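Input: a single structure, listed below in structure tokens.
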Amino acid sequence: MTTTIQNATLSAEIKHFGAELISLKTNQNKEYIWEGNPKFWGKHAPILFPIVGTLKNNSFQYEGTDYSLSRHGFARDMAFELIHSTQSSATFALQSSAETLKGYPFEFELQISYTLEENNLAVAYHVRNKGKSKMPFAIGAHPAFALPNEFDNYAIAFEKEESLEYYILEDDLVSNKTKKLKVDDTIIPLNYELFKNDALIFKTLESNSLTILENKNPVLKVHFEGFPSLGIWTKMNAPFICIEPWFGYSDTTESTGDLFEKEGIQILESNDAFQSKYSIELL
């Protein structure tokens with residue numbers, strides 16, 4: 001089941017399963033979201049919650065009990081409820097349940113809101129801790145943008161000058177090894193060699209937005225003010241690029257397995273709420 005929202009400029013389609021954005025088009029029917037061909041990657045823009053990335057041994061400990069969570073958490077693989085919609089907006093909700101408590105022993109409500117304004121789609125996150133104890137969590141975006149032409153025709157422009165030191169993954173975990181990207185005046189030309197070791201993971205950035213360029217012309221801009229971390233990723237020879245604003249990232253190779261000690265983790269007090277949003281601007 002899907003819900004479509006639209007305005008005079010754009011339309012967006014969201015799948016209720018995972019509250020996942022599966023289409024963002026102009027009124028000229030130009031598509032900007034990856035089609036989800038499973039030959040490369042069968043997702044479009046999954047929601048990463050209650051973890052981002054991979055846990056060491058896919059597990060963590062809490063109050064003497066071991067729990068298991070698969071990569072990027074379970075929200076992307078669960079049915080959300082549509083709780084509010086207008087012509088140009090839609091809000092979806094996921095509640096903790098007996099099923100989620102088996103792998104994540106915290107009571108929560110997660111809401112994802114999509115709102116179209118002119119040539120912009122805003123995606124808002126609202127997380128509430130409904131339990132009586134502190135709740136550790138991570139949340140992140142994973143939108144894949146379609147690149148219909150040759151991959152090396154594209155580049156990514158950072159809003160500000162950056163050192164662009166990224167962390168190397170080892171067995172899906174963040175190692176203490178880093179590399180620096182070569183930048184030409186804040187611009188990184190895309191090539192598949194960049195992603196031979198999986199995603200580029202930036203723990204911190206100065207920039208609050210990135211722009212995708214095609215033959216030096218701006219195509220779209222992802223705004224992510226307030227998000228501390230970012231991933232950039234594609235699959236070898238796949239015609240898409242993911243720009244992923246995150247609160248949190250994979251466990252480090254030195255992780256203790258205590259979710260409260262995890263690098264980048266967010267902690268919510270009982271009955272408190274967390275809010276953030278990112279947006280996609282078509283240029």
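Heads up: the sequence shown is residues 1 to 283, going by the UniProt record's numbering. Heads up, the beta-carbon is just placed ideally off N, CA and C, and yes, glycines get one too. No experiment lies behind these values; they were computed from the predicted model shown.
For Ala-98, the enclosing alpha helix (DSSP H) stretches over residues 98-103. The closest CA to that of Gly-226, considering only Gln-275, Gln-6, Asn-153, Pro-105, is found on Gln-275.
Three or more Cβ pairs drawn from the stretch 195-205 and the stretch 223-240 lie within less than 8 angstroms of each other, which places the two stretches in contact. In this chain, the beta strand (DSSP E) harbouring Leu-200 covers 200-202. Phe-108 sits in a strand when the DSSP states are folded into three classes. Less than 8 angstroms separates the beta-carbon of Gly-103 from that of Ser-68. When the Cα atoms are used, Asn-129 and Asp-184 turn out to be separated by approximately 44 angstroms.
In the DSSP assignment, Val-183 falls outside any beta strand (DSSP E) and carries neither an H nor an E. Per the Cβ contact rule, the stretch 38-47 is in contact with the stretch 7-21 (3 or more Cβ pairs under 8 angstroms). In the same chain as Lys-221, and ignoring 5 residues on each side of it, the C-beta atoms closer than 8 angstroms to its own belong to Ser-209, Leu-210, Thr-211, Ile-212, Ile-280, Glu-281, Leu-283, in chain order.
The closest CA to that of Leu-55, considering only Lys-277, Tyr-278, Gly-257, is found on Gly-257. For Lys-277, the three-state secondary structure derived from DSSP is strand. The continuous beta strand (DSSP E) containing Trp-233 extends over residues 229-233.
DSSP places Glu-159 in the coil class of the three-state scheme, outside both helix and strand.
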